[in-house]
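Each remark here refers to the structure printed beneath this line.
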Amino acid sequence: MAKNPKAPTVARSTIDITPLRQANLPIIFILGGPGSGKGTQCAKIVEKYGYTHLSSGDLLRDEVASGSERGKQLTDIMQRGELVPLDVVLDLLKEAMLSKLSTSKGYLIDGYPREVAQGIQFESEINPCALVIYFEVSDDVMTARLMNRGLTSGRVDDNEETIRKRLDTFHKHSLPVVEHYGSKCRTISAEAHPDEVFQKVSEALETLS
Ligand code: AP5
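Numbering of the sequence shown is given in my numbering, commencing with residue 61 and proceeding in unit increments.
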């Protein structure tokens, strides 16, 4: 795949993912714009179905908080509401998936893939996903939720300007992912109460068993 010469360079690590590929556990991608409720629904899925929840955003924030060289390079990108380089997110996911392999019955990958190329690379290097769930919410509702969360979250990207950029990034790069997965993707309207949304999520997940 051609590399973008303008993309920032971030340190990579070498990871042997043979055990992960061989285990072939179910993989579910969770998609949705900023504040669409991905994390909220994933917590409910974990409680009911026991999958291993890995949020790409949380993994990136953990890396930033660790003070590592890789983390320092990520802060600016996230503050701008842009996507961090594809290889970096995939490395973090591989490391986290491997570390949970012995106790996992399947993975919920939250906030990934954020662009079609991420999905293609993940599935060619690890395994194909079993299901994609997309939470559909209007920009106005997502913005209101994040502005409200920003009062207490302490997240550097929960402010009006960055939220606008996150929404732009979502429309430009992430919405095409929904189209890419076609019938493998369940679109769920996610503006209702979290329990009502979860009812639909459960129906989608029951198709896996
Ligand atoms: P990330 O951490 O993934 O942030 P996000 O996608 O912007 O989403 P959020 O975590 O803010 O929201 P959410 O959908 O989980 O909603 P939540 O449940 O919290 O990514 C952050 C940054 O990291 C990106 O901008 C990018 O720079 C980078 N990044 C991450 N992944 C990447 C990748 N794969 N590739 C490249 N870069 C990547 O809910 C939000 C609020 O709404 C909460 O207050 C909640 O209580 C409330 N709420 C939830 N559901 C409902 C409901 N049904 N009704 C009312 N309120 C609700």
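Here a beta-carbon is modelled for each residue, glycine too, at the ideal position from N, C-alpha and C.
These figures come from a predicted structure and were not determined experimentally.
Whole-angstrom distance between residue j and residue i, CA atom to CA atom
i: D218; j: Q101; result: 19 Å
i: V144; j: D136; result: 10 Å
i: Q181; j: P254; result: 32 Å
i: V257; j: S249; result: 7 Å
i: E107; j: D228; result: 32 Å
i: I88; j: I193; result: 8 Å
i: E220; j: A156; result: 31 Å
i: R115; j: V148; result: Note that residue 115 is Ser in the sequence shown here, rather than Arg. If you take the alpha carbons of S115 and V148, they lie about 14 Å apart.
i: T163; j: T112; result: 9 Å
i: S262; j: Y241; result: 20 Å
i: E129; j: L152; result: 14 Å
i: A252; j: V201; result: 11 Å
i: G92; j: G99; result: 10 Å
i: S159; j: L150; result: 14 Å
i: L2; j: A177; result: No answer is possible for residue 2: the residues shown for the chain start at 61 and end at 269.
i: R215; j: E142; result: 15 Å
i: H231; j: T222; result: 14 Å
i: T203; j: G97; result: 12 Å
i: E123; j: G117; result: 10 Å
i: M61; j: P173; result: Reliability fails at M61, whose pLDDT of 41 lies under 50, so the model's placement of it is uncertain and the value that follows must be treated cautiously. The straight-line gap from Cα to Cα measures roughly 16 Å.
i: R140; j: L168; result: 26 Å
i: K244; j: S269; result: 15 Å
i: L120; j: D170; result: 12 Å
i: L134; j: A125; result: 10 Å
i: I90; j: M207; result: 22 Å
i: P236; j: T247; result: 13 Å
i: N84; j: E185; result: 12 Å
i: R226; j: K132; result: 20 Å
i: G110; j: R205; result: 27 Å
i: N187; j: A264; result: 20 Å
i: F195; j: P79; result: 31 Å
i: N191; j: I105; result: It is worth fixing the name first, because residue 191 is Leu in this sequence and not Asn. Each residue's alpha carbon lies about 14 Å from the other.
i: K165; j: C189; result: 14 Å
i: P86; j: I75; result: 20 Å
Cross-strand partners of residue i (DSSP beta bridge)
i: I248; result: F195
The alpha helix (DSSP H) enclosing residue i, as first and last residue numbers
i: S159; result: L146 to S159
i: G127; result: Element bounds for G127: n/a, residue is neither H nor E.
i: I105; result: K98 to Y109
i: L91; result: L91 -> not in any alpha helix (DSSP H); beta strand (DSSP E) instead, spanning I87 to G92.
i: R174; result: Element bounds for R174: n/a, residue is neither H nor E.
i: I223; result: E220 to T229
i: T78; result: T78 to A83
i: S164; result: Taken as a continuous stretch (DSSP letters only), S164 belongs to no alpha helix (DSSP H), as it is neither H nor E.
i: K232; result: K232 -> no alpha helix (DSSP H), and no H or E assigned at all.
i: S243; result: Careful: S243 lies outside any alpha helix (DSSP H) and carries neither H nor E.
i: S278; result: This structure cannot speak to residue 278, because the chain is shown only from 61 to 269.
First through last residue of the beta strand (DSSP E) which encompasses residue i
i: D170; result: Y167 to D170
i: H113; result: T112 to S115
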